[in-house]
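In terms of numbering that gives the first Met the number 0, the sequence shown opens at residue 0 and continues consecutively.
For glycine and all other residues, C-beta sits at the position ideal for the given N, C-alpha and C.
Computed from a prediction, not measured in an experiment: that's the story for all the values here.
Have a look at the structure below before the remarks.
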Amino acid sequence: MSDRTFELQPFSVVSAPPNLKIVGSIGRDRNTLKIRYSLMGPLETVAIPPSVDEPIRKNGLWEETCFEFFLVQGG
Numbered sequence: 000m001s002d003r004t005f006e007l008q009p010f011s012v013v014s015a016p017p018n019l020k021i022v023g024s025i026g027r028d029r030n031t032l033k034i035r036y037s038l039m040g041p042l043e044t045v046a047i048p049p050s051v052d053e054p055i056r057k058n059g060l061w062e063e064t065c066f067e068f069f070l071v072q073g074g
């Protein structure tokens, strides 16, 4: 199967940063599903926190940082 491309749509246009978009591709290689995302646009406007040694759980994080990918079984 050749890779298929897609572009994510923001849940709310009001909260979407201008000129930023998330594009991606999905494909299969035998028993491996490959999903790739790329953030495109003025990346200097994106706040990327530093890496931490011990990640911690945060309530409500999904309300500001989440995107989802849904799959359905074929056949």
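Quiz item: Quick one: what does DSSP say E62 is sitting in, helix, strand or coil?
Solution: Against the sequence shown, residue 62 aligns to sequence position 63. E62: helix per DSSP, three-state reduction.
Self-check item: As assigned by DSSP and simplified to three states, the class of E6
Solution: To locate residue 6, count along the sequence shown from 1; it is residue 7. Reduced to three states, the DSSP call for E6 is strand.
Quiz item: If you run the structure through DSSP and keep just helix, strand and coil, what is L70?
Solution: The count along the sequence shown starts at 1 and reaches residue 70 at position 71. It is coil, neither helix nor strand.
Quiz prompt | Residue closest to F5, alpha-carbon to alpha-carbon, out of P54, G26 and V45 | solution = Against the sequence shown, residue 5 aligns to sequence position 6. Out of P54, G26 and V45, G26 has the C-alpha closest to the C-alpha of F5.
Exercise. Spell out the partners DSSP gives T31 in its beta bridges.
Key: Taking the sequence shown and counting its residues from 1, one reaches residue 31 at position 32. Its beta-bridge partners are D28.
Quiz item: So what's L42 in DSSP terms, helix, strand or just coil?
Solution: Walking along the sequence shown from the start, residue 42 turns up at place 43. Note: L42 maps to helix in three-state DSSP.
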